[in-house]
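Worksheet for the structure shown next.
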Amino acid sequence: MSAITIRLADQSLRDLDYCARSIHLPRAEYIRLAIEQMNHEVKNQQMADRLKKASLRVRKESMHVNKEFGEIENDPEN
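Terminal number for the sequence shown in the working numbering: 651, no gaps in between.
Here it is in structure tokens:
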């Protein structure tokens, strides 16, 4: 396992220690869990963004196909 060093404002460190103690976790475990949670949230947001982008592409193509079908249905020669 790798180690990192971070700098925190004194108040942030006091808040971190208070929260960690309140749920009976060591500081390091609290920080690990917070990082894992943030990574999970970021990955979920990235996936949602990719799905939205793909959905918009599919919707655009679907509208194009619907327009073509509409033109065929309204064609007096058919």
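Note that beta-carbon positions come from the ideal geometry of N, C-alpha and C, so glycine has one too. All values derive from a computational prediction rather than experimental measurement.
Euclidean distance between Cα positions of residue i and residue j
i    : j    : result
N612 : S635 : 34 Å
A582 : E602 : 19 Å
I577 : A607 : 15 Å
E644 : H637 : 11 Å
Q619 : S585 : 28 Å
Residue i, DSSP secondary structure in three states
i    : result
A576 : coil
N639 : helix
H597 : coil
Beta carbon of residue i nearer than 7 Å to that of residue j
i    : j    : result
R587 : A593 : no
Closer than 6 Å: residue i CB and nearest the ligand GDP heavy atom
i    : result
L586 : You won't find the ligand GDP in this model; it holds no ligand whatsoever.
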